[in-house]
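So the structure is just underneath, and the comments pick up after that.
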Amino acid sequence: MPASVLPLRLGLGLLRVGQPALPGPAGDALRRASRLRLTPAEASAEAAIDALRRELRRSPATVEVVDYGAGTRGDKPPVRRVAEVYRRAATGPAWGRFLFGLARGLRPRRVLELGTNLGVGAAHLAAALALNEAEGGPAGRLVTLEGAPALAALAAGHLERLGHRVGDDGRVRIGVGPFAETLPEVAAPEAWDLVFVDGHHQADAALGYLDTIRPHLAGGALVVLDDVEPGRPVRRAYRALRDRGPSFYAGKYGLLVHAAPGDLGGATTAAARVSALLPTSAGAA
Ligand SMILES: C[S@@+](CC[C@H](N)C(=O)[O-])C[C@H]1O[C@@H](n2cnc3c(N)ncnc32)[C@H](O)[C@@H]1O
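In this text, residue positions in the sequence shown follow the working numbering: the first is 748, and each later residue adds one.
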């Protein structure tokens, strides 16, 4: 196990001692993700992502970004070095492996990510979906949303190079545009099993996006909110939601399980069940 994931493994171990276990498939997925151990096939998939990371870290290229406020901190020029975008915004290796473990454990059919950026988090999620399918599991699909067209184009190239077809019929589909426009378009026809909210890091924005997604979550779905550490704006959104259903504070991520009462161990693929515990931001539950 690389030294870079050891602190996270220890931290997650301590956090698991102090909190109730998540129920059902989400709980299994969290246990698996917290081990951060890989089979040889998983290690090979993760090694390919590590190679992409090394390339991005020293890339001399630039990319045009779109400033959506939070999550793109400071008064920055719209053209930035890819290496800097990677350093500031991409999911790090240990958390990437955690996301990978969640998607391996949950075996989701439908995964949604808000905030593609360079496609690094998407690469971990897509790699897990590919392995799940190769082992006879569901042919999982990832939809990832990004507001900066140039970042979306770069991400598409990275994911294709890692062996994931990108497009309407591919393992990954990238929706380009502000979340406020793309999310309502993609959310409705699906029953999402795993949602990773990693863009527009403001509490009200996160609550609004979750309001849009909530009716389209599968029973037992897992929602991962990024940036919920004390002092971070999204923590307020996590605190508003965490007592409404099973939840787990994983340090950087807040995990929320969407399940109908009495059905906490239910299958993840059923269409959205009626008695959602994940409330609207207006406080209904
Ligand atoms: C922290 S990065 C995402 C990192 C990525 N999920 C990963 O795991 O590597 C956030 C991304 O969300 C995008 N973003 C932020 N607010 C947005 C909005 N309101 N609409 C669309 N995209 C947005 C930014 O352009 C940025 O690329």
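Glycine included, C-beta positions come from ideal geometry on N, C-alpha and C.
What does the Cβ neighbour count give for residue i, buried or exposed, with the cut at 16 atoms within 10 Å?
i     : result
L1113 : Lying before the first or after the last residue shown, residue 1113 is absent from the chain, which here runs from 748 to 1032.
P749  : exposed
G771  : buried
S791  : exposed
V826  : exposed
A881  : exposed
A935  : exposed
A952  : buried
A997  : buried
E932  : exposed
G1030 : Low confidence applies here, because G1030 scores a pLDDT of 33, under 50, leaving its location unreliable; read the following figure in that light. By the 10 Å Cβ count, G1030 comes out exposed.
S994  : buried
R982  : buried
Measure the C-alpha to C-alpha separation of residue i and residue j and round it to an integer number of angstroms.
i     : j    : result
G765  : L878 : 32 Å
P962  : P807 : 43 Å
G914  : E928 : 19 Å
S781  : G894 : 31 Å
P896  : G924 : 7 Å
I960  : P787 : 35 Å
D974  : G862 : 13 Å
G884  : L872 : 15 Å
Q898  : E811 : Note that residue 898 is Leu in the sequence shown here, rather than Gln. Each residue's Cα considered, the two are about 7 Å apart.
R856  : Y985 : 25 Å
D1010 : R854 : Reliability fails at D1010, whose pLDDT of 42 lies under 50, so the model's placement of it is uncertain and the value that follows must be treated cautiously. Distance between the alpha carbons of D1010 and R854: 18 Å.
G887  : A830 : 30 Å
H947  : F926 : 9 Å
L892  : Y815 : 13 Å
E789  : L783 : 11 Å
L1052 : V858 : The question about residue 1052 has no answer here: the residues shown for the chain are numbered 748 through 1032.
The alpha helix (DSSP H) that contains residue i, what's its start and end?
i    : result
G924 : G924 -> no alpha helix (DSSP H), and no H or E assigned at all.
L803 : P787 to R804
H871 : V867 to A881
E907 : P896 to R908
G848 : P840 to L853
L755 : L753 to V764
V829 : V829 to A836
L769 : Note, L769: premise wrong, no alpha helix (DSSP H); not H, not E.
R857 : First-last for R857: R857 to L861, but that is the beta strand (DSSP E), not the alpha helix (DSSP H).
R888 : Unbroken run through R888 is the beta strand (DSSP E), R888 to E893; no alpha helix (DSSP H).
V812 : Careful: V812 lies outside any alpha helix (DSSP H) and carries neither H nor E.
Terminal residues of the continuous beta strand (DSSP E) containing residue i?
i    : result
T959 : Looking at the DSSP string, T959 is not in any beta strand (DSSP E); the run it does join, the alpha helix (DSSP H), is A950 to I960.
L783 : Unbroken run through L783: none, as it is neither H nor E.
Should the region 993–1009 be regarded as contacting the region 965–974, the criterion being three or more beta carbon pairs within less than 8 Å?
With the cut-off at 8 Å, the region 993–1009 and the region 965–974 touch.
Three-pair Cβ contact test at 8 Å for the region 845–863 versus the region 773–780
Two segments are said to touch when three or more pairs of C-beta atoms, one from each, lie closer than 8 Å; by this definition the region 845–863 touches the region 773–780.
Give a yes or no on contact between the region 906–922 and the region 941–957, applying the rule of three or more CB pairs nearer than 8 Å.
no
Would you call the region 901–909 and the region 863–871 touching, i.e. three or more CB-CB distances under 8 Å?
yes
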